[in-house]
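Everything on this sheet refers to the single structure shown next.
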Amino acid sequence: MASDFSCPACGSKRSSRWATSIDYNQAASKEEFSYRKCVACGTVYIEKVPADISKHYPTRYSQYRFFRKGVGEAEVMALEREKISKVLKALGNDVKGKKILDVGSGQGGFMAECKNAGMEPFGNEFSPDGAKKCREFGEVEQGDFLKSHFNREFFDAITFWHSLEHLPNAFAATSKAHSLLKPGGLLFIAVPNPESLQGRLFKRFWAHLDAPRHLILVPPMELSKRLGEQGFRTTSIDQFMNDYNAWGIGMSVLNLLHLRSGMSGEGNPALKALGRVIFTIPAVAESLVGKGGTYLLVAKKV
Ligand SMILES: [Zn+2]
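Position in the sequence shown (first residue = 1) + 131 = my numbering.
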C-alpha cells in the first residue's frame, strides 16, 4: 500500500485511492480529480494539486457568498450568525476591542459580524475583488496568508471558516497563525469532516469534497494532534455546524442525481428553505453520533 504520495498531515506514504470526482460545485472544468485516504491518520487529500488552481475559482465563486441583491442573502446571513455565535461563546462576553483575523475573509460577511459585536476585525483574502469588499469592515491584506505581514502576537483570535482545506500548505498556515496569536489567543478552524457519514456515503458526489478546490480534509482527532505539536491545546470540537452540514447533504443529493450545473446561490427560495428544513434532520443525526459533515475545532495558544 506504500505509494508515491505522502500524507500532508502525518507524512505516511501508506494510502489508498478514496474517490475520483469532478467539479460538481462550480463546474469550472470537466477534468477529473483523484483523492487519496491516508491509512495511518484518515486524512483525505488530492493526489495532484492543479498547477493553476486560480482557474478553478470562477468569478462567481465568492459572489454567491455575500449579498447579490437578495440572492442567497438569507442563507449567508444565517451562516454568518452561526459563526459569530460560536465565536462569542468561546471568547466570552467581553469582546469589545478584541482583535480578530479572518483568514479567507471572502467578501467580509464575518468581518462585518465581528465589527457589529464590537471587535476589531482584520482580514486576509486571496481574491483582489473580495479583499476590496472586505476593506469596508477593517484592515485587509490581499494574497497568500503565509506571506502576510501582520504583527506577531497581535491577535486575540484567528478564524479559518472553511479556508484551511483550500491552502496548499495548511499546517504552515496554522503555524503562522500560532505566531500571530497572543499567548492564550484562540484559533477557530471549521473544515469538512472526512469521517462524516455524508462524506462516506456520497464520496465522489460529496459537496464538501469540492474538487479540486479542497486539497486536504483532516479528521478532527488528527487535526487536534497536529495542532498540539505546534503549541495549541484543543478546547472544543463542535460537530453541530448545522448550516454547513445540512447544505452538504442537500447538495450531495443533487450531485448524485445530476441536478446541478455549477450553481450555488441560485434557485427557488421557497424550495431552498424547504430543503434546509429537510436536510437539517439527517445533518443533526450524523452530528449526534459524532460523524458530523463538518466540524469547528477551537484551540488555545499555550
Ligand atoms: Zn496521514
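In this text, a Cβ means the ideal position worked out from N, Cα and C, and glycines have one as well. Note that the structure is predicted; figures quoted are calculated from it, not measured.
Return the bridge partner residues of residue i from the DSSP annotation.
i	result
Thr365	Ala430
Trp292	Ala321
Asp233	Gly254 and Thr290
Gln273	Glu256
Val175	Lys168 and Leu348
Thr411	Its beta-bridge partners do not exist; DSSP assigns none.
Thr425	Pro323
Glu163	Ile153
Take the Cβ of residue i as the centre, count every other Cβ of all protein chains shown within 10 Å, and call the residue buried at 16 or more, exposed below.
i	result
Leu402	exposed
Ile412	exposed
Glu417	buried
His280	exposed
Thr425	buried
Lys432	buried
Lys214	buried
Ala140	buried
Asn373	buried
Pro259	exposed
Val271	buried
Ala342	buried
Leu328	buried
Arg364	exposed
Arg283	exposed
Leu358	buried
Ala408	The displayed chain sequence assigns Val, not Ala, to residue 408. Val408 is exposed by the Cβ-count criterion.
Ser185	exposed
Ala430	buried
Leu277	exposed
Glu296	buried
Hey, quick one: how far does the alpha helix (DSSP H) through residue i stretch, first residue to last?
i	result
Ile320	It is not in any alpha helix (DSSP H) - Ile320 instead sits in the beta strand (DSSP E) that spans Leu312 to Pro323.
Trp149	Segment Ser146 to Ile153 is the beta strand (DSSP E) holding Trp149; no alpha helix (DSSP H) there.
Tyr375	Asn373 to Leu387
Ala140	Neither: Ala140 is in no alpha helix (DSSP H) and is coded neither H nor E.
Gly240	Gly240 to Asn247
Is the Cβ of residue i closer than 7 Å to any Cβ of chain C?
i	result
Asp369	Structure shown: chain C not included; a single protein chain is present.
Determine the direct distance from the alpha carbon of residue j to that of residue i, and round the result to whole angstroms.
i	j	result
Glu244	Arg212	7 Å
Lys229	Val175	35 Å
Trp292	Asp135	31 Å
Trp149	His339	14 Å
Asp369	Leu428	6 Å
Asn324	Leu348	7 Å
Ser147	Cys169	7 Å
Phe285	Ala304	16 Å
Ile289	Leu317	6 Å
Glu326	Lys422	6 Å
Ser216	Gly406	23 Å
Gly393	Trp337	Unreliable placement is indicated for Gly393, whose pLDDT of 49 sits below 50; the coordinate value is still reported in the next sentence. If I take the Cα positions, the gap works out to 14 Å.
Lys246	Phe268	7 Å
Gly227	Leu311	Going by the sequence as given, residue 227 is Lys instead of Gly. Answer to the nearest angstrom: the Cα atoms are 19 Å apart.
Cys265	Gly240	8 Å
Cys138	Met352	15 Å
Ile231	Ala308	11 Å
Leu354	His389	33 Å
Asp435	Gly249	With the chain covering 132 to 433 only, the question about residue 435 has no answer from this structure.
Tyr188	Val180	14 Å
Ile380	Arg335	13 Å
Leu298	Glu360	19 Å
Glu256	Ala262	5 Å
Pro314	Val420	34 Å
Ile177	Asp275	20 Å
Tyr195	Tyr375	Per-residue confidence for Tyr195 stands at a pLDDT of 43, beneath the threshold of 50, marking its modelled position as unreliable; the derived number appears in the next sentence. Looking at the two C-alpha atoms, the distance is approximately 15 Å.
Val415	Trp378	12 Å
Write down every uninterrupted run of the alpha helix (DSSP H) in the segment 323-358 whose length is 4 residues or greater and which is fully enclosed by it, in chain order.
328-333
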